[in-house]
Structure formats: structure tokens, C-alpha cells
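Contents: one structure, followed by commentary.
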Amino acid sequence: MTTLQTVFAKAKADNRAALVGYLPAGFPSKGGDVAAAAALVEAGCDVIEIGLPYSDPLMDGPTIQDAVHRSLVNGTRIADVLRTVEGVAATGAATLVMTYWNPIDKYGAERFARDLADAGGVGTITPDLTPEESEPWRAASASAGIDTVFLVAPSSTEQRIKAVVDCCTGFVYAASLMGVTGARESVNVAAEGLVERTRAHTDLPVCVGLGVGTGAQAAEVAAYADGVIVGSAFIRRILDASDEAEGRASIAALARDMASGVRR
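Taken in order, the sequence shown gives residues 7 to 270; the numbers are from the working numbering.
Below you can see the structure in the form of C-alpha cells.
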């Protein structure tokens, strides 16, 4: 199993940032999700985030909401998410689950952590779980041997950044802006400052997400961050494709451009 620590150590040795791709489980279809993620890995993604579809996605913009809705209509459940993780982890990429807290809470924290680890998952990103309420999940994750990733934002105070990074083990997710996910014409200038402020409190890798949609933007972010997170740009290409094969080809082309970008 490829760990996050291995991924970021290798990227650092190569003098580049890691490329992190996001896709929801069950999208564009059950089975098609693993094939799409595998296309991203083959094209240069080092880490894959598998989204756990949820009916109330507070952080997700319209593109990811559309994909998640399709996944839920496809009948995707937690068992399907775990099967997706298993299939993606088999590609050799470090594989995380990005999920809101409620599904884990309903499933059972210890059970979810254990089942995720058994599927080959290396950790979770939990955007709506606060540091103050995270101890039971961090304990369950540590027991299962998986990493925990939490988010900092441009509005985070120094005290808040310290509280968040103290809960992280795999990396720190730096949200580039105050708002929802989605590719944008430019990456918020506040992102670089946020990375610098976060590094003052931790030696963990700091990855930037929200707004990255082109190879040029990936290169811009890679100049100051340890990882570049891309989700909506990949999903948009799948949504715009005439079939799944075309979608895979399209996201692979974009991933190659992004992979080139993080190496500039």
C-alpha cells in the first residue's frame, strides 16, 4: 500500500509538488469510477481522493453537486465507496476518502476506519469535522492506521491554524478561498499566504485545493505548495463527454497537463 508519507517524500525528492485528483464514488457509474480514477493515476496523479456521495454537500460547488447527485441516483452506498477505494488503491496510488462527518457517524467511526483500512485506504479528509469534535475520529483512525486530514482557510486565525494542523497526520488541506469547490479563471492570491502561515505551525505537507483547473494554474500553485488538489475540472470533463470512454480520455489529457505543471 502506498502511503501519503511515501508520496510526499518522493515528490519532494523529485523537487515537485504532488498531484491529487478527486472523483466521487459511483461516478460516472459504478465500475466506471475505478476506471476513471485509474486513468488519472496513469496520467500522473499521485493521490486520489474518492468522494463519499452525500445528500447535503456543504462545501461542494455545482459541478461536484451534479456528479454526487448522479452517484446517489446510481444507488451508491458506503459499501460501494469501499469497493471503489479497493479498486483505486490497487493502481498503486495513495487513496483517501473525502467525506462529511454524518455518514461516518451513522456507519460507526471505528467500523468505518477499520473497513477503510482493510480496503487499502490511507486516510480521510473530513471538511465539516471541527478540531474540537475530532478526538474520537482521530483515535479510531490512529487505531486503524489511517491518516486524518483537516482544512484551513484564508479566514483562519493563527490559533485556528494551530488547532487544525495538530489534528492532521497525512497533510493539511489549504482551501484557497472562502467558498465552494469549482475551477476558476485564477487561483485566489490568498492561497500562497495561507500556505506560509500554515507551515509556521507544522512540518506536514500543505496541499492547496479549490479553483485549480489548468496545467498553468497547477504550476502556479506547485511553486509554493506541497500538493495541488484538482476535482471539479476533472468532473466537468466527464460531465461534458459523450460517453465514459471519451470522459476518461479527456481527464487523462488534463491530468497529463497538470502533472507537467507540477513539475515546471
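In this text, a Cβ means the ideal position worked out from N, Cα and C, and glycines have one as well.
Open item on the list: Can you look up Gly151 in the DSSP assignment and give me helix, strand or coil?
Closed with: coil
Task: beta strand (DSSP E) segments (min. 3 residues) lying fully within the segment 103-171 - done: 129-131, 153-155
TODO: Since I believe Ala261 is in contact with Ala49 (beta carbons under 8 Å), could you give me their beta-carbon distance rounded to a whole number of angstroms?
DONE: 4 Å
TODO: Closer than 6 Å by C-beta to Leu88: which residues in its own chain qualify, once you throw out the five before and the five after it? Chain order, please.
DONE: Asp121, Ala125
Task: Pro59 to Tyr179 span [Cα, whole Å] - done: 20 Å
Task: Given 8 Å, three or more beta-carbon pairs between the segment 25-33 and the segment 235-243 - done: yes
Open item on the list: Would Leu200 and Ala159 qualify as a contact pair, given that the criterion is a beta-carbon distance under 9 Å?
Closed with: yes
Task: CA-to-CA distance, Asp209 to Glu164, given in whole angstroms - done: 15 Å
Open item on the list: Within 10 Å of its beta-carbon, does Ala265 have 16 or more other beta-carbons around it, so buried, or fewer, so exposed?
Closed with: buried
Task: Length of the line joining the Cα atoms of Ser256 and Ser162 - done: 36 Å
Open item on the list: DSSP has Val195 in a bridge; who is on the other side?
Closed with: The partner list for Val195 (beta bridge, DSSP) is empty, contrary to what the question assumes.
- [ ] Specify, as a first and last residue, the run of the alpha helix (DSSP H) that Leu216 falls within.
- [x] Counting along the chain, Leu216 falls outside any alpha helix (DSSP H), and DSSP gives it neither H nor E.
TODO: Go ahead and label Met104 buried or exposed: buried means 16 or more other beta carbons lie within 10 angstroms of its beta carbon, across all protein chains shown.
DONE: buried
- [ ] Take the Cβ of Arg270 as the centre, count every other Cβ of all protein chains shown within 10 Å, and call the residue buried at 16 or more, exposed below.
- [x] exposed
Open item on the list: Let me check understanding here. Comparing Cα to Cα, which of Arg83, Gly98, Gly32, Glu92 lies closest to Asp52?
Closed with: Gly98
Task: Proximity winner among Ile70, Ile167, Thr136, Asp153, relative to Leu245 (alpha-carbon distances) - done: Ile70
TODO: Mind reading off the beta-carbon distance from Phe14 to Phe156? Whole number of angstroms is fine, and I expect it under 8 Å.
DONE: Actually they are not in contact, since the Cβ atoms of Phe14 and Phe156 sit about 17 Å apart, beyond 8 Å.
Task: Three-way DSSP call (helix, strand, coil) for Ala31 in this model - done: coil
Open item on the list: My parser needs the beta strand (DSSP E) runs of 3 or more residues fully inside the segment 53-87; what are they?
Closed with: 53-57
TODO: May I have the straight-line CA-CA distance separating Val268 from Gly217, to the nearest angstrom?
DONE: 15 Å
Open item on the list: I'd like to know whether the C-beta atoms of Val40 and Val94 end up nearer to each other than 9 Å.
Closed with: yes
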